[in-house]
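Q: Have a look at this one before I ask anything.
Protein chains: 2
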Amino acid sequence: MCKRALHYPQVETPPPQPFLKSLKNTLNEILFADDPFRKIRNESKTSKKIELVLRHVFPILEWARGYNLDYLKSDVISGITIASLAIPQGISYAQLANLPPILGLYSSFVPPMVYAIMGSSKDLAVGTVAVASLLTAAMLGKEVSAVENPKLYLHLAFTATFFAGLMQTCLGLLRLGFLVEILSHAAIIGFMAGAATVVCLQQLKGLLGLSHFTHSTDVVSVLRSIFSQSHMWRWESGILGCCFLFFLLTTKYISKKRPKLFWISAMAPLVSVIFGSLFVYFLHAQFHGIQIIGELKKGINPPSITHLVFTSPYVTLALKTGIITGVLALAEGIAVGRSFAMYKNYNIDGNKEMIAFGMMNIFGSFSSCYLTTGPFSRSAVNYNAGCKTAVSNVVMAVAVAVTLLFLTPLFFYTPLVVLSSIIIAAMLGLVDYEAAMHLWKLDKFDFFVCLSAFLGVVFGTIEIGLILSVGISVLRLLLFVGRPEIYVMGKIQNTEIFRNIDQYPQATTLSGLIILHIDGPIYFANSSYLRDRIGRWIDEEEEKLRKSEENSLQYIILDLSAVGNIDTSGISMLEEVNKILGRRDLKLVIANPGAELMKKLSKSKFIETIGKDWIHLTVAEAVSACDHMLQTAKPDSPEKISGVPEFNNV
Amino acid sequence: MCKRALHYPQVETPPPQPFLKSLKNTLNEILFADDPFRKIRNESKTSKKIELVLRHVFPILEWARGYNLDYLKSDVISGITIASLAIPQGISYAQLANLPPILGLYSSFVPPMVYAIMGSSKDLAVGTVAVASLLTAAMLGKEVSAVENPKLYLHLAFTATFFAGLMQTCLGLLRLGFLVEILSHAAIIGFMAGAATVVCLQQLKGLLGLSHFTHSTDVVSVLRSIFSQSHMWRWESGILGCCFLFFLLTTKYISKKRPKLFWISAMAPLVSVIFGSLFVYFLHAQFHGIQIIGELKKGINPPSITHLVFTSPYVTLALKTGIITGVLALAEGIAVGRSFAMYKNYNIDGNKEMIAFGMMNIFGSFSSCYLTTGPFSRSAVNYNAGCKTAVSNVVMAVAVAVTLLFLTPLFFYTPLVVLSSIIIAAMLGLVDYEAAMHLWKLDKFDFFVCLSAFLGVVFGTIEIGLILSVGISVLRLLLFVGRPEIYVMGKIQNTEIFRNIDQYPQATTLSGLIILHIDGPIYFANSSYLRDRIGRWIDEEEEKLRKSEENSLQYIILDLSAVGNIDTSGISMLEEVNKILGRRDLKLVIANPGAELMKKLSKSKFIETIGKDWIHLTVAEAVSACDHMLQTAKPDSPEKISGVPEFNNV
């Protein structure tokens, strides 16, 4: 029908694959994209295989063999540094979660030990985080009061931690780690900024020495609660808080300007706690409106496995709390692990990390800990302090254990307001204006996702912010598939290359034919749109030609290079377009369909319908075939009728 | 740095657009893809513009001018034919919805008139449909019993119809018609087959003359209900039903074999009703276990606008029912309108049709009608009977009105079992085995969607089936974006063309470089995957090279032709990949990024990072630049270290 240049091969249809094999391949791509067992599979000896499996499950076996005294020195230094940060932060965040302050210390003892055995990051420092703490308080607090029913509340927190750990382990084992990816970078920026704002607002309670406070976290309720109690504000507490906040922010500023002085900001919280306690102790400030921590129990983590409540009517509440906080904790921990791994040029397997996080939370929930992960601030300090391996986590755990065994009485006089200052100083770092501005500059939609997460958290609840940002992010994916771009291609002068005429203004269209490029898969969600849009391109082109009295349109070349896949609705759409074009006396020509497309098009007989000769390997080839036909003869369809019915006639 | 052939232009970055303009363009593409106002916009005179708007809103103004006697003759014939189908079907479906049978006739009077004025299809015949009727019964029946509280039930049905109409109108006005597209073709096939099965099972009640029956629609409950009452079965009713069913199916078979005899199956329901009624009348069969319709009120539609209940506690129930049945009705009506429009080569504007459907349901709910749409069976009869315009709907409405005014007493003796046979005969046509087989052959995933819709409806409820099929369809879209294909390209011999080496086995890879093609957009949902997958390709390639002792890998060419869009997570991923490659002493080269990509990459300074010279218009050009570098000099990076750290080291 049309002569093709001899050196162009035909478009190939790949050989059909048995259904089960292709299903297996697909599942492999979804679940084992990074092929984690490649090394193990390639090994022939069974004993070696077992060793590799063990080393895969317990990375400590991998790095412990090369461990030496130099490493130990670095790890001890960084471990003690992060312990000095972990103790005051732990107490503060436990307060934020409405849990007994001692839990913050417990949570810096068992989980880091577990992580040191199973985790694959060398830089991650394990501990509790502010956002998950606040979220625990907000979610559990809605149904169970931490003041009226502290025991049930505590047990529910353990149960939620257990569920979080279980879910994390399962996600990892089932290799479903990719589910965490629905939290896009933009969503996390907005969410974190919102959560930081909310956490800071919560600290106004401690800063102003208030004893009653709202349970809501949104800015309106919090501000109303604060200003309705303005007669209860304690100026002593406020001034003390501001002083410490100033001190902490100054040390942060110094460390930021001179990264070598990182230890100044790392030590600042402990220094604040010591000075605050001394201040209260010597001035008896607890009698002048300064609230203090009070007595902390001595001794390391008591077991709590018997406290998990699976029969209570609140078990679904614990489950829900566990899942949401667990996902958040995972997202933060894995992102942190990945970032530092990138600096040091090693790789982290997300699914393996999930199992490590999961196990550390499961064991944590058995030993009076609540939800832990790898917080950014603590890990950054660990990294800057020069940690070499996860031994720094062990050193921190030992330091915390020593504190638990001997030093808890020292915290009796620690003022709550110091803890509030520590939290605020830590939180302000999470509000990342610059990143948000960067999003605005780069990608308006991402900025919108970020903004809605922020506003959702600040004016609604943390969950609303999460749902909004995830929902909008997913909507964007659907919108991409639902409205793929479709553009006209033109020939770039002096070449055989065809490109988007909007991007390359020097590209020229050819007379008698129009080349349309579809920039996405053809699915049910976009097939109507594509049909309409193709029709509109042709209408517009014909109108233009009618005005300019040029050659009439005869060929429509569809460049399918970027059409990754097609479903049955898409195939019907192509058939429909082909029929409509046929009636309008236009010929459909296909260029460069991919493997998946060719399989389906040939199975559906579409290729036979339009003719194998009208499917070309490149746009250039399709154009030359059409040109050849235009110059030698009319296409093999009935002669053109003058009044072609219009495509979109109403 | 590298010399490019002179005739290749650079990759262009399109000029930046003001934010609001690009937002407007995007919204236009989403909402006005078919550019419905083009004609109006191009018109300069205001009077002409108003005329065009009116003709746009009321298509009757468009076609009424060309109407002639020949058309009228055809329309009268087809109108009477569909009326003869509409009357028995209307009564049957109203029974299915647990509504008074007369409502079925009312619903074939007002809505067709409205549609004739506003609808743009020439072939659509308006009426009630079985699936929506059953769904109404199932949803409303869950909370309000049609037997114990018939008045409230009736009013809720009107209210649901009103809400359905309102939603349809709003979708059309807001040009959100594309939302209906989430029901893929595959989902509809499975859903319809499931619904038909369920409807047929429901008819066993009438066929066996049972008076008590379960309210559930799933197959297990229905069968249990039937077999637990086996002592109540009426054999008279059963035999009569089977006879009529046999008659109806035979006529269907004849019409299917000889499309010219379409009127045989079109008339069969009315003939069955007449014979059934005569049978009962002469043999007094109503005293022998044959249930009859009984008295039908004379007179056309009474107004029902005052019966709409917006204050009742059940208003949310009505709203929910209205939205779900309304979406289903829309999906069916628009698909039917589109199919017939395609046969006759005219085009239907989905959004305009939605407004027409919506208005006909709103007016319907004001005049004692329940939900109507364009059922496939009736429209097919209309088409086959040779209808020319929507006047056939008017003729049908008039015929139904005459029936309502004078002929209702004739239906007194009509046996219910005949109605059941009519429904079963109509429903069997909806189970489309062949289409399902076709799906299996073409696209396993679509078959899975279809199957889950079917099983969800049959073993769960109609809603479960809907949610399952929509959920799985959407999951597929997300999976496409989440796991885009990424493959290695090779050079097709004797050409400058690079293609997938799996599709074109004759394509050969080149030494020293690997060309990866990413077949989808780069978004947060896939950026980790792509990073891992690129790493794995490189690892595998290096391993292969190490074994064969060939040239070591030096260049990674990423072909971005098919990457339609990128978000900030995607850009970070590319930056990360570039860094990792840099550390492994590999150079990243980009080929053919599209307009959107170039915009974002240049804004993010990524282009500066990798160097503008490393971005090429085609893969061929990128390869020749790399080849040039490989032959003349080492790339401008530090000399290769022997023990390159592995990408995926654990």
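Chains as they are written, first to last, in the working numbering: chain R, 1 to 650; chain B, 1001 to 1650.
Beta carbons are placed, not taken as given, at the ideal position from N, Cα and C, and that holds for glycine.
#1: What does the Cβ neighbour count give for residue 299 (chain R), buried or exposed, with the cut at 16 atoms within 10 Å?
#2: Rounded to a whole number of angstroms, what is the C-alpha to C-alpha distance between residue 1114 (chain B) and residue 173 (chain R)?
#3: Would residue 84 (chain R) pass as a contact of residue 245 (chain R) if the rule is Cβ separation under 8 Å?
#4: Under 8 Å, Cβ to Cβ, is there at least one residue of chain R near residue 1269 (chain B)?
#5: Distance check for residue 1532 (chain B) and residue 445 (chain R), CA to CA, integer angstroms please.
#6: Under 8 Å between beta-carbons, which chain B residues line up against residue 579 (chain R)? List them in chain order, please.
#7: Going along the stretch 167-200 of chain R in order, which residues come within less than 7 Å of chain B, judged by CB to CB distance?
#8: Entirely within the stretch 1498-1574 of chain B and at least 4 residues each: give me those alpha helix (DSSP H) ranges in chain order.
#9: Look at the alpha carbon of residue 1541 (chain B) and the alpha carbon of residue 1564 (chain B), and state the distance between them as a whole number of angstroms.
#10: Round the Cβ separation of residue 1112 (chain B) and residue 1397 (chain B) to the nearest angstrom and send it over; I've been treating them as touching at under 8 Å.
#11: Which whole-angstrom value describes the C-beta separation of residue 1225 (chain B) and residue 184 (chain R), a residue pair presumed to lie in contact below a C-beta threshold of 8 Å?
#12: Might you give, ordered along the chain, the residues of its own chain that have their beta carbon closer than 6 Å to the beta carbon of residue 519 (chain R), omitting 5 neighbours on each side?
#13: Is residue 1508 (chain B) buried or exposed, if buried means 16 or more other CB atoms sit within 10 Å of its CB?
#14: Cβ of residue 1096 (chain B) within 8 Å of Cβ of residue 1198 (chain B)?
#15: Counting contacts by CB-CB distance shorter than 8 Å, is residue 14 (chain R) in contact with chain B?
#16: Less than 8 Å separating the beta-carbons of residue 1322 (chain B) and residue 1158 (chain B)?
#17: Quick one: list the residues of chain B neighbouring residue 406 (chain R), beta-carbon separation under 8 Å, in chain order.
#18: Under a three-way DSSP split, which group does residue 588 (chain R) fall into?
#19: Any idea what DSSP makes of residue 18 (chain R), helix, strand or coil?
#20: Determine which residues of the stretch 1457-1472 of chain B have a Cβ less than 9 Å from any Cβ of chain R, and write them out in chain order.
#21: Sort R:404, R:314, R:18 and R:65 by Cα distance to residue 1443 (chain B) and report the nearest one.
#22: So if I threshold CB-CB distances at 7 Å, which residues from the stretch 1015-1028 of chain B count as touching chain R?
#23: If residue 514 (chain R) and residue 553 (chain R) are in contact, beta carbons under 8 Å, what's the gap, nearest whole angstrom?
#24: For residue 49 (chain R), which residues from the same chain have a beta carbon less than 7 Å from its beta carbon, with the 5 sequence-adjacent residues on both sides left out?
#25: Counting only C-beta atoms, is residue 77 (chain R) closer than 8 Å to chain B at any point?
#26: Jot down the residue ranges of each uninterrupted beta strand (DSSP E) in the stretch 1048-1119 of chain B, minimum 3 residues, whole runs only, in chain order.
#27: So residue 1616 (chain B) and residue 1622 (chain B) are supposed to be a Cβ contact under 8 Å. How far apart are they, rounded?
#28: What's the C-alpha gap between residue 167 (chain R) and residue 313 (chain R)?
#29: Check whether chain R comes within 8 Å of residue 1304 (chain B), counting only Cβ atoms and requiring the distance to be less than that.
#30: Starting from residue 490 (chain R), trace the beta strand (DSSP E) both ways and give me its first and last residue.
#31: Is there a Cβ from chain B that is less than 8 Å from the Cβ of residue 117 (chain R)?
#32: Can you find a CB in chain B that lies within less than 8 Å of the CB of residue 474 (chain R)?
#33: Check the DSSP bridge columns for residue 616 (chain R) and list the partner residues they point to.
#34: What residues in the stretch 544-555 of chain R bring their beta carbon closer than 9 Å to a beta carbon of chain B?
#35: In the DSSP assignment, find the alpha helix (DSSP H) that holds residue 34 (chain R) and state where it starts and stops.
#36: Could you tell me how far apart the beta carbons of residue 1589 (chain B) and residue 1566 (chain B) are, in whole angstroms, since I believe they sit closer than 8 Å?
A: Once the coordinates are examined:
#1: exposed
#2: 59 Å
#3: no
#4: no
#5: For residue 445 (chain R) and residue 1532 (chain B), the distance between alpha carbons rounds to 25 Å.
#6: 1342
#7: 178, 181, 182, 184, 185 and 186
#8: 1524-1548
#9: 27 Å
#10: With 8 Å as the limit, residue 1112 (chain B) and residue 1397 (chain B) qualify as a contact, their Cβ atoms being about 4 Å apart.
#11: Not really, about 50 Å apart at Cβ, beyond 8 Å.
#12: 484, 485 and 562
#13: exposed
#14: The answer is no: Cβ separation not under 8 Å.
#15: yes
#16: no
#17: Result: empty, since nearest Cβ-Cβ is about 39 Å, beyond 8 Å.
#18: Residue state, collapsed to three classes: strand.
#19: coil
#20: none
#21: R:18
#22: 1019
#23: 6 Å
#24: 40 and 43
#25: no
#26: Annotation: the stretch 1048-1119 of chain B contains no complete segment of the beta strand (DSSP E) (minimum length 3 residues).
#27: Correct: roughly 4 Å between the Cβ atoms.
#28: 20 Å
#29: So, not an interface residue.
#30: Segment 485-491, the beta strand (DSSP E) holding residue 490 (chain R).
#31: Not closer than 8 Å to any Cβ of chain B, the Cβ of residue 117 (chain R) fails to qualify, so no.
#32: Closer than 8 Å to some Cβ of chain B, the Cβ of residue 474 (chain R) qualifies, so yes.
#33: R:591
#34: none
#35: That residue, residue 34 (chain R), is in no alpha helix (DSSP H); it is neither H nor E in DSSP.
#36: Wrong, their Cβ atoms sit about 17 Å apart, outside the cutoff.
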